[in-house]
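Visitor:
Residue numbers (the working numbering), protein chains in the order written: chain A, 5 to 298; chain B, 128 to 448.
See below:
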């Protein structure tokens, strides 16, 4: 399929009117088949969650012979602790991370974008430098630090860093946005004796809702899907996130309850899917204009 | 769009915030009151930067020259960790091979699909938003444990892939538990998530001015010629950005290998990603010094790769300016 596209790709921006009808049909057919292939694994998982246990394997069909929702009930309790607990834990961590990131990164971004102070360019360059630093180099000393603080086995190592603006990418994103806000607005406010804090709170933040929403959505997604952090810091099953819960479901039931596993896997994707449904525009813009990873 | 990407990836070239003009201050405030607000706003970031980034990075550099198991104080061993990694560590070699193979296969394939589909979608297709959403969905969901679990079942010996192959009379192997194939399932998983580079390609394609194609058409250029002389050169900054980001990400991949192999990197180390090996050393055996050395080697590899990319960019990436 790729080869065919490469050859015919030259008229990328040409309007479709010049295209023969058969070609349009062909392109749509190719895209339709490609869409099916892309979605098939997801649909198979969803179907598997309501299929009969021995109907999951051995057939590639997406339509269950009958719908059996008991897997959701079994799966919910499938890993010693109820998935309700896991969802709650994930939710708490994700929401606090969102709040932390939005507040701390916007504070830093406002300073970099608007305030005048000695060494601003120096610190800004350092901040950009941290964008490139893989987290592996800070991982072990951070673990030791949190261990000494007695924070291991709590949510704190997963949440507190978010309040300290460690996700430099969001700072960068917000700096870019803040620079686009007309300077006259805050200069006028400053003439009127407005403090930096009031300008930040009353002018910059209200005018920056799109970028704040983008940062919020991506930090929710990253935290919700995070597996490595919880894997390292959480060891009591009562504190597990959904991702860890799923893994321990796999370990504890082994190869016995596939439909239950698929049911919980499907449920774990629901929040992400809802974000996809309602904030697709922001997601796509975030990726296309800022290169956010997803 | 292109520019912001490049700057995101290319910290050195970013325009610094404009330097305050050297005008006489209105009230000649003292240094403290002039600088205080900036530093106050940056306070959380400063704590994070020194306490969670710069400090830990230096400490891990120090630890990489020590033997440290969390219980006794770190014991200075000089270059021993590094010497052992490069001369006497089979797992390092195999994890490096696995990771490089994964990077070299998954990144070009992923980018080829992303570009191919983006080109197909960028032809004024009806229903573009629907297709784009469908192709993007896997990369949105793909990094979660659920998908890794699903992948394990898809490629199981009696999983769907083999069922489908069976319809064609092919008896598929047990993909996951056969060391010859297990890594390929992870590559397929990576390629399946081509949606997010595709979105970046689509945005890049839209930036190419239509009149260039019109002018080329008037000159009688063929479609192939327009693609190779206009589309591809103007798209090189986006290709470059995607390649760098995807490669760095591929080096850092962890979750799918962990879930598919239950944390072992097996069978026979065939899915032992570098990060998984690092995790085992650090958090399985608590060899914190050794794991720190592994981490620094990863950083150096990524840094070398990035530096090499930017040097090579001069020769093949087309910039307007």
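Where is the CB? At the ideal position from N, CA and C, for every residue including glycine.
Remember, it's a predicted structure, so these values are computed and weren't measured experimentally.
Evaluate contact between the region 48-63 of chain A and the region 266-276 of chain A, counting only Cβ atoms and requiring at least three cross-stretch pairs below 8 Å.
Guide: Yes: the two stretches touch, three or more of their Cβ pairs being nearer than 8 Å.
Visitor: Would you verify that the beta carbon of residue 254 of chain A is, or is not, closer than 9 Å to some beta carbon of chain B?
Guide: Yes, residue 254 of chain A lies at the interface with chain B (some Cβ there is under 9 Å from its Cβ).
Visitor: How many Å lie between residue 157 of chain B and residue 168 of chain B at the Cα?
Guide: So the alpha carbons of these two residues sit roughly 18 Å apart.
Visitor: Could you tell me the alpha carbon to alpha carbon distance between residue 197 of chain A and residue 267 of chain B, rounded to whole angstroms?
Guide: So the two alpha carbons sit approximately 46 Å from each other.
Visitor: Taking the alpha carbon of residue 212 of chain B as the point to measure from, which residue in B/261, B/418 and B/431 has its own alpha carbon closest?
Guide: Answer by Cα proximity: B/418.
Visitor: Per DSSP, residue 203 of chain B is paired with what?
Guide: Per DSSP, B/193.
Visitor: Whole angstroms are fine: how far does the CA of residue 274 of chain B sit from the CA of residue 298 of chain B?
Guide: C-alpha separation (whole angstroms): 25 Å.
Visitor: Go through its chain and collect everything with a Cβ distance to residue 375 of chain B's Cβ below 8 Å, but skip five positions before and after it.
Guide: Once the five neighbours on either side are set aside, the close Cβ partners of residue 375 of chain B are 429, 432 and 433.
Visitor: With 9 Å as the C-beta to C-beta threshold (strictly closer), list the residues of the region 173-184 of chain B near chain A in chain order.
Guide: Result list: 173, 174, 175, 176, 178, 179, 180, 181, 182, 183 and 184.
Visitor: Please list, in chain order, the residues of the region 275-287 of chain B that have any C-beta partner in chain A closer than 9 Å.
Guide: Flagged, chain order: 275, 276, 277, 278, 279, 280, 281, 283, 285, 286 and 287.
Visitor: Nearest to residue 121 of chain A by alpha carbon, out of B/161, B/330, B/444 and B/403?
Guide: Minimum Cα distance to residue 121 of chain A is reached at B/161.
Visitor: What's the C-alpha gap between residue 395 of chain B and residue 225 of chain B?
Guide: So the alpha carbons of these two residues sit roughly 11 Å apart.
Visitor: Using a cut-off of 9 Å between C-beta atoms, extract the partners of residue 237 of chain A located in chain B.
Guide: Here the premise fails: no neighbours, minimum Cβ distance about 10 Å.
Visitor: For residue 238 of chain A, count neighbouring Cβ atoms within 10 angstroms of its own Cβ and tell me buried if that reaches 16, exposed if not.
Guide: Buried, by the Cβ-count rule.
Visitor: For residue 89 of chain A, would you say it is in contact with chain B, using Cβ-to-Cβ distances shorter than 9 Å as the test?
Guide: Chain B, which has no Cβ nearer than 9 Å to the Cβ of residue 89 of chain A, makes this no.
Visitor: For residue 174 of chain A, I'd like the list of residues in its chain whose CB is within less than 6 Å of its CB, leaving aside the five on either flank, ordered along the chain.
Guide: Within the same chain, residue 174 of chain A has close Cβ partners 105, 109 and 219.
Visitor: So, for residue 304 of chain A: in the same chain, excluding its five sequence neighbours on each side, which residues have a beta-carbon less than 7 Å away from its beta-carbon?
Guide: Nothing about residue 304 of chain A can be reported from this structure: the residues present for chain A run from 5 to 298 only.
Visitor: Please report whether the beta-carbon of residue 253 of chain B lies at a distance below 9 Å from any beta-carbon of chain A.
Guide: Taking Cβ atoms only, chain A reaches closer than 9 Å to residue 253 of chain B, which makes this a yes.
Visitor: Thinking just about the alpha-carbon of each residue, which of B/276, B/253, B/280 and B/420 is nearest to the one in residue 31 of chain A?
Guide: Of the listed residues, the one whose Cα sits closest to residue 31 of chain A is B/253.
Visitor: Alpha carbon to alpha carbon, how far is residue 392 of chain B from residue 60 of chain A? Give it in angstroms, no decimals.
Guide: Approximately 27 Å between the Cα atoms of the pair.
Visitor: Give me the subset of the region 115-129 of chain A whose CB atoms are less than 8 Å from a CB atom of chain B, sorted by chain position.
Guide: The region 115-129 of chain A vs chain B, Cβ under 8 Å: 115, 116, 117, 119, 120, 121, 122, 124, 125, 127, 128 and 129.
Visitor: Which residues share a DSSP beta bridge with residue 85 of chain A?
Guide: Paired residue(s): A/83.
Visitor: In this structure, how does DSSP classify residue 69 of chain A when only helix, strand and coil are distinguished?
Guide: Three-state DSSP puts residue 69 of chain A in coil, outside helix and strand.
Visitor: In angstroms, rounded to a whole number, what distance separates the CA positions of residue 100 of chain A and residue 161 of chain A?
Guide: So the two alpha carbons sit approximately 12 Å from each other.
Visitor: Is it a yes or a no for the region 221-236 of chain B touching the region 313-328 of chain B, going by three-plus beta-carbon pairs under 8 Å?
Guide: Yes: the two stretches touch, three or more of their Cβ pairs being nearer than 8 Å.
Visitor: Is it right to say residue 182 of chain A is buried, meaning 16 or more other beta carbons lie within 10 angstroms of its own, or is it exposed?
Guide: With 16 or more Cβ atoms within 10 Å of its Cβ, residue 182 of chain A is classed as buried.
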